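Asks:
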Amino acid sequence: MSAMRETALCAPGEALYRYLDSLLAEIPPPGEEAFVATDDPSPAGATVLEEAREETSGGLPAWCRDAPFRALLLRMDGVELAAPLSLLSGVASGPTVNHVPGMPPWCQGLFLHHGRRAAIVAPDFLRGAGGSGRVEAADPHQRYVLFDEGRLALPCEAVLEVVDVGPRAVRWRRPGARHLPWYGGVLKEQMRILLDLEALAGMLAGWAP
């Protein structure tokens, strides 16, 4: 039985987040590791996935060219996704969310994590629908996956598991494609969208919390 499964069986819940923290602490700089997935996407994600599939094929990001990489599977707004583990900064559980004047439409709120303010990226923004309203209260069951050195966070209903993926197991986005810049590709067998967190951070670089 893997260390991941042993940890989950001993203490499902907080043990998973402690395990993720230990993995993230050991990850080398981008260029060596990152992402994979499971079942078919939910109906809520079918349209996004279909649009994303049209953008695929071609070049590989630097973080996965040389070897299989690790990915964190998560569920966001009813859609199951994968995020390269080497690009993540941590997972926050039920933080207190605050607001400041001048927040852009894509930002649902801010919270502190290890002394740094993180901006919450609205799921609707990824679908090209602008923002989706602010988070008005802390939800003890809400999880946030942090990236861009902890400056940005994706809200998640569930953090599922860490998996290994080979670059050839992904149908990659076409080089130069402009639609859905955060879209890295699709896992061929599981039909999960792989997030390009570097591209997403670049889209949001004009505003810092």
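First residue of the sequence shown? That's 759 in my numbering, and the numbers climb one at a time after it. Built from N, CA and C at the ideal position, the CB exists for glycine as well. Since the structure is predicted, the reported quantities are computational estimates derived from the model, not experimental observations.
1. Would you please state the rounded distance, in angstroms, between the beta carbons of Gly-852 and Ala-876? I believe it to be under 8 Å.
2. Can you look up Glu-790 in the DSSP assignment and give me helix, strand or coil?
3. Give the range of the alpha helix (DSSP H) segment to which Gly-960 is assigned.
4. Over what stretch of residues does the alpha helix (DSSP H) that includes Asp-882 continue unbroken?
5. Report the residue from Arg-950, Phe-827 and Arg-833 whose alpha carbon sits nearest the alpha carbon of Leu-918.
6. Looking at Thr-854 and the ligand MG, is the gap between the Cβ and the nearest heavy atom below 8 Å?
7. Tell me which residue opens and which closes the beta strand (DSSP E) that Leu-832 is part of.
8. How long is the line joining the alpha carbons of Val-858 and Cys-865, rounded to whole angstroms?
9. Give the C-beta separation of Ala-963 and Pro-939 to the nearest angstrom, bearing in mind that I take them to be a contact with Cβ-Cβ under 8 Å.
10. Ignore the nearest five residues each way along the sequence and tell me which others in Glu-915's own chain have a CB closer than 6 Å to its CB.
11. For Gly-867, tell me which candidate among Ala-841, Ala-911 and Leu-830 has the shortest Cα-Cα distance.
12. Can you tell me the Cβ-Cβ gap for Leu-955 and Ala-840, rounded? I've got them flagged as a contact below 8 Å.
13. What is the residue span of the beta strand (DSSP E) that Asp-906 lies within?
14. Pick out whichever of Ser-847, Gly-924 and Gly-942 has its Cα sitting closest to the Cα of Phe-827.
15. From Ala-850 to Pro-819, what distance separates their C-alpha atoms?
16. Using the beta-carbon count (16 or more within 10 Å), is Ala-880 buried or exposed?
17. Just to confirm the assignment, what range does the beta strand (DSSP E) spanning Glu-838 have?
Replies: Straight from the coordinates:
1. That pair is no contact at about 14 Å.
2. In this prediction, Glu-790 scores a pLDDT of 35, lower than 50, which makes its location untrustworthy; no coordinate-derived value is stated.
3. Where Gly-960 is concerned, the enclosing alpha helix (DSSP H) stretches over 955-961.
4. 881-884
5. For Leu-918, the nearest C-alpha among the options comes from Arg-833.
6. Of ligands this structure carries none, so the ligand MG is not represented either.
7. Judged by DSSP secondary structure, Leu-832 falls within the beta strand (DSSP E) whose first and last residues are 827-834.
8. Answer to the nearest angstrom: the Cα atoms are 10 Å apart.
9. Contact flag wrong, Cβ pair sits at about 12 Å.
10. Contacts found: Arg-833.
11. Ala-911
12. Not confirmed; about 11 Å, so no contact.
13. Where Asp-906 is concerned, there is no enclosing beta strand (DSSP E), because DSSP gives it neither an H nor an E.
14. Gly-924
15. 26 Å
16. The residue is buried, with at least 16 neighbouring Cβ atoms inside 10 Å.
17. 837-842
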